[in-house]
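Student: Residue numbers (my numbering): 1018 to 1196. Have a look at the structure that comes next, please.
The structure is reproduced here in structure tokens:
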């Protein structure tokens, strides 16, 4: 089974780690065909293990012990990422320079009952679509700045999340398939 590990907090907020070190840490866990894509914590690996919760816990524990800080980990298969990209709830939008289309991965199931689209009080974020464990979110650039805080989406969706820009997620899938 091939997995894509989307790691939160890699090479931001002083949590610097080279991709060479990240590959070594995943190899130490017994994974094979370990590769990384760009510096933001995207790791591809193969394993015969299929218990995703157990895999996630092992990865998070190893990274915490080795790096000294928590690294929330979100595992998806290339097929799952392909399905998410195919949903593309942004396709009907006219995208402008002040918009960033995001795919957010959630640890817990998405809340039910939210009426979408749901825009933040500051009008700098908008949740446009939810799946069971993902959210499609638009960041609005205001006065040249991306949203300064994720408190709106944290409150709506939970604090254990990580985000990739939608076009980057497509490039991650392409890189995973080249494995």
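Note that beta-carbon positions come from the ideal geometry of N, C-alpha and C, so glycine has one too.
Residues in its own chain within less than 7 Å of residue 1053 by CB, not counting five upstream and five downstream?
Tutor: Start at 1 with the first residue of the chain shown, and residue 1053 comes out as number 36. Answer for residue 1053: 1036, 1039, 1040, 1059, 1060, listed in chain order.
Student: For the alpha helix (DSSP H) containing residue 1177, list its first residue and its last residue.
Tutor: Mapped onto the chain shown, residue 1177 falls at position 160. Run containing residue 1177: none; DSSP gives neither H nor E here.
Student: For residue 1067, which three-state DSSP category applies?
Tutor: On the chain shown, residue 1067 is found 50 positions in, with the first residue counted as 1. In this structure, residue 1067 counts as coil in the three-state DSSP scheme.
Student: Measuring CA to CA, which of 1130, 1183, 1076, 1150 is closest to residue 1156?
Tutor: Taking the chain shown and counting its residues from 1, one reaches residue 1156 at position 139. The residue with the shortest Cα to Cα distance from residue 1156 is 1183.
Student: Excluding the 5 residues preceding and the 5 following residue 1089 in the sequence, name in chain order all residues of the same chain whose CB lies nearer than 6 Å to its CB.
Tutor: As a working note, residue 1089 is residue 72 in the chain shown. The residues are 1025, 1177.
Student: Rounded to a whole number of angstroms, what is the C-alpha to C-alpha distance between residue 1100 and residue 1128?
Tutor: As a working mapping, residue 1100 is identified with position 83 in the chain shown. As a working mapping, residue 1128 is identified with position 111 in the chain shown. Straight-line Cα distance between these residues: approximately 20 Å.
Student: Between the Cα of residue 1179 and the Cα atoms of 1086, 1066, 1064, 1092, which residue gives the shortest distance?
Tutor: Counting from 1 along the chain shown, the entry for residue 1179 is found at position 162. Of 1086, 1066, 1064, 1092, the residue nearest in Cα terms is 1092.
Student: What is the DSSP secondary structure of residue 1146, counted as helix, strand or coil?
Tutor: Within the chain shown, numbered from 1, the residue matching residue 1146 stands at position 129. Strand, per DSSP.
Student: On the DSSP bridge list, what partners appear for residue 1060?
Tutor: As a first step, residue 1060 must be located in the chain shown, where it is residue number 43. DSSP lists 1022, 1053 as partners of residue 1060.
Student: With DSSP as the reference, please indicate the residues paired to residue 1093 in a beta bridge.
Tutor: The sequence position of residue 1093 within the chain shown is 76, counting from 1. In the DSSP output, where bridge partners are listed per residue, residue 1093 has 1021.
Student: With distance defined between alpha-carbon atoms, name the residue in 1124, 1147, 1125 nearest to residue 1135.
Tutor: On the chain shown, position 118 is the one that residue 1135 refers to. Ranking the options by Cα distance to residue 1135, first place goes to 1147.
Student: Checking 9 Å against the spacing of the C-beta atoms, do residue 1044 and residue 1034 come in under that value?
Tutor: If you number the chain shown from 1, residue 1044 lands on position 27. If you number the chain shown from 1, residue 1034 lands on position 17. Not closer than 9 Å, so no.
Student: Please name the residue, chosen from 1119, 1103, 1152, 1107, that lies closest to residue 1125 on a Cα-to-Cα basis.
Tutor: Working through the chain shown from its first residue, we reach residue 1125 at position 108. When only C-alpha atoms are compared, the closest one is 1152.
Student: In chain order, what are the residue ranges of uninterrupted beta strand (DSSP E) at least 3 long that sit wholly in the segment 1081 to 1130?
Tutor: Runs found: 1090 to 1093, 1116 to 1123.
Student: Following the continuous beta strand (DSSP E) through residue 1152, name the residue where it begins and the one where it ends.
Tutor: Taking the first residue of the chain shown as position 1, residue 1152 is located at position 135. Residue 1152 -> beta strand (DSSP E) spans 1151 to 1157.
Student: Taking the CB atoms as reference points, tell me whether residue 1107 and residue 1150 lie closer together than 9 Å.
Tutor: Indexing the chain shown from 1 puts residue 1107 at position 90. Indexing the chain shown from 1 puts residue 1150 at position 133. It is not a contact, given that the beta carbons lie outside the stated cut-off.
Student: Between the Cα of residue 1042 and those of 1029, 1031, 1022, 1030, spot the shortest distance and give me the residue it belongs to.
Tutor: Against the chain shown, residue 1042 aligns to sequence position 25. Considering only alpha carbons, the answer is 1022.
Student: Since residue 1018 and residue 1067 are thought to touch, with beta carbons under 8 Å apart, how far apart are those beta carbons, to the nearest angstrom?
Tutor: The residue given as residue 1018 occupies position 1 in the chain shown. The residue given as residue 1067 occupies position 50 in the chain shown. About 6 Å separates the two Cβ atoms, so the contact holds.
Student: From the DSSP output, in three-state form, read off residue 1075 for me.
Tutor: Within the chain shown, numbered from 1, the residue matching residue 1075 stands at position 58. The answer is helix: DSSP assigns residue 1075 an H, G or I state.
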